[in-house]
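One structure is given below, encoded as structure tokens.
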Amino acid sequence: MSYLEDHGIKAVAFDIDGTLYPKSETNRILVKTSMLHLPFALKYLSMRNTVRKEDGYGDFPAVTADEFKQRELSIMYPGKKRSLEWFKDKEKRIFHDKWERDFLSIRMFDGMDVLLRDLSRIVPVALLSDFPIGCKLKALNIEGVADFVISSEDIGRLKPAKTPFRILAERFRLKPEEILYVGDSERKDVLGSKNAGMHSMLITKDRKKAEKSQADIVVSSFSQMRDILF
Numbered sequence: 188m189s190y191l192e193d194h195g196i197k198a199v200a201f202d203i204d205g206t207l208y209p210k211s212e213t214n215r216i217l218v219k220t221s222m223l224h225l226p227f228a229l230k231y232l233s234m235r236n237t238v239r240k241e242d243g244y245g246d247f248p249a250v251t252a253d254e255f256k257q258r259e260l261s262i263m264y265p266g267k268k269r270s271l272e273w274f275k276d277k278e279k280r281i282f283h284d285k286w287e288r289d290f291l292s293i294r295m296f297d298g299m300d301v302l303l304r305d306l307s308r309i310v311p312v313a314l315l316s317d318f319p320i321g322c323k324l325k326a327l328n329i330e331g332v333a334d335f336v337i338s339s340e341d342i343g344r345l346k347p348a349k350t351p352f353r354i355l356a357e358r359f360r361l362k363p364e365e366i367l368y369v370g371d372s373e374r375k376d377v378l379g380s381k382n383a384g385m386h387s388m389l390i391t392k393d394r395k396k397a398e399k400s401q402a403d404i405v406v407s408s409f410s411q412m413r414d415i416l417f
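In this note's numbering, the protein residues as written are 188 to 417.
As structure tokens, this is what we get:
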């Protein structure tokens with residue numbers, strides 16, 4: 188029997204960046220866009236780290252996109268009179284507009300698209316990213332494969348906070364323990380999903396990271412993942 192059958196898993200959710208395609212591609216694109224506006228980019232990175240630190244693994248109500256952007260603005264420019272529209276426009280021009288172009292070049296890990304399509308015929312599949320989804324699914328040629336796709340920015344709570352994982356479970360109308368979450372980050376994906384009550388799978392080729400992981404399953408390849416899931 189497969190892990191899904193053995194543990195009563197009724198849905199599988201995947202991280203996107205670094206799990207479906209190489210994390211090096213994300214880093215390359217982020218560095219490329221950041222170098223042109225380094226002061227803003229450094230403030231932006233620090234702000235996201237602050238958000239994760241403040242929220243930790245907590246469970247909070249979802250907030251609107253504008254409420255989340257206002258929080259980001261307040262962290263990046265405390266005490267300064269910057270309008271929300273100014274910040275949204277600046278973020279769009281510096282990051283989002285360029286990402287829509289640059290992320291079209293990303294390519295799925297070999298075999299991952301077939302795995303997703305085969306898995307979606309067995310159980311519902313979800314995709315969760317801490318960054319805007321944008322054109323990524325089009326670039327990876329997996330539009331329409333997942334039953335549920337969400338960016339944690341849409342709900343104003345970044346992983347490893349419990350909120351995005353809880354919303355996944357609510358959307359599927361499943362108990363958290365009926366969902367397997369797959370990702371490449373120990374803190375954001377493994378500990379975040381386990382704190383929410385889900386099963387977790389870590390994919391990594393790093394032996395030390397694998398040995399120390401608290402994931403229920405650790406794999407180093409997509410062939411291993413397929414053997415476990417099917």
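Where a beta carbon is used, it is the ideal one built from N, C-alpha and C, also for glycine.
Could you give the uninterrupted runs of the beta strand (DSSP E) lying entirely in the stretch 318-398, keeping only those of 3 residues or more?
335-338, 366-370 and 386-390
On the three-state DSSP scale, how would you describe S307?
Within the sequence shown, numbered from 1, the residue matching residue 307 stands at position 120. Helix at S307.
Identity of the residue in Y244, P311 and H224 nearest G277 by Cα
Stepping through the sequence shown from its first residue, residue 277 is reached at position 90. According to the sequence as given, residue 277 is Lys; it is not Gly. The candidate whose alpha carbon is nearest that of K277 is H224.
When the Cβ atoms of the stretch 282-298 are set against those of the stretch 317-331, are three or more pairs found closer than 8 Å?
yes
With 16 other CB atoms within 10 Å as the buried threshold, where does P363 fall?
Taking the sequence shown and counting its residues from 1, the one referred to as residue 363 is at position 176. Under this definition P363 is a buried residue.
Per DSSP, the bridge partner or partners of Y208:
Start at 1 with the first residue of the sequence shown, and residue 208 comes out as number 21. Answer is D204, bridged to Y208.
With distances taken from CA atoms, which of T391, R344 and F352 is nearest R258?
Here residue 258 is taken as the residue at index 71 of the sequence shown, counted from 1. It is R344 whose Cα lies nearest to the Cα of R258.
For S221 and F227, the rounded distance between their alpha carbons
Against the sequence shown, residue 227 aligns to sequence position 40. Against the sequence shown, residue 221 aligns to sequence position 34. Roughly 8 Å between the two C-alpha positions.
So within the stretch 263-299, which uninterrupted alpha helix (DSSP H) runs reach at least 4 residues, ignoring any that extend past its ends?
271-278 and 284-289
Can you tell me whether L223 is helix, strand or coil according to DSSP?
Position 36 of the sequence shown holds residue 223. Reduced to three states, the DSSP call for L223 is coil.
With the cut-off set at 7 Å, would you say T206 and D414 are in Cβ contact?
Locating residue 206 in the sequence shown gives position 19, where the first residue counts as 1. Locating residue 414 in the sequence shown gives position 227, where the first residue counts as 1. Their beta carbons are not under 7 Å apart, which means T206 does not touch D414 by this criterion.
Which of the three DSSP states, helix, strand or coil, is assigned to I404?
For the purposes of this step, residue 404 is taken as residue 217 along the sequence shown, with counting starting at 1. Looking at I404 - three-state DSSP - the assignment turns out to be strand.
Between F201 and E340, what straight-line distance do the alpha-carbon atoms span, to the nearest angstrom?
Within the sequence shown, numbered from 1, the residue matching residue 201 stands at position 14. Within the sequence shown, numbered from 1, the residue matching residue 340 stands at position 153. Looking at the two C-alpha atoms, the distance is approximately 16 Å.
How many Å lie between M412 and I293 at the Cα?
Residue mapping note: residue 412 aligns to position 225 of the sequence shown, counting from 1. Residue mapping note: residue 293 aligns to position 106 of the sequence shown, counting from 1. Straight-line Cα distance between these residues: approximately 22 Å.
Starting from the Cα of A198, find the closest Cα among A326, V312, T251 and L416 and give me that residue.
Taking the first residue of the sequence shown as 1, we reach residue 198 at position 11. Checking every option, the nearest Cα to that of A198 belongs to V312.
Could you check if L314 is buried or exposed, using at least 16 other CB atoms within 10 Å of its CB as the buried criterion?
On the sequence shown, position 127 is the one that residue 314 refers to. L314 is buried by the Cβ-count criterion.
Under a Cβ-count criterion, where at least 16 other Cβ atoms within 10 Å of its own Cβ denotes burial, should E373 be classed as buried or exposed?
Within the sequence shown, numbered from 1, the residue matching residue 373 stands at position 186. Buried is the call here.
Measuring only the C-alpha atoms, how far is M295 from H194?
Position 108 of the sequence shown, counted from the start, is the residue given in the question as residue 295. Position 7 of the sequence shown, counted from the start, is the residue given in the question as residue 194. Approximately 28 Å between the Cα atoms of the pair.
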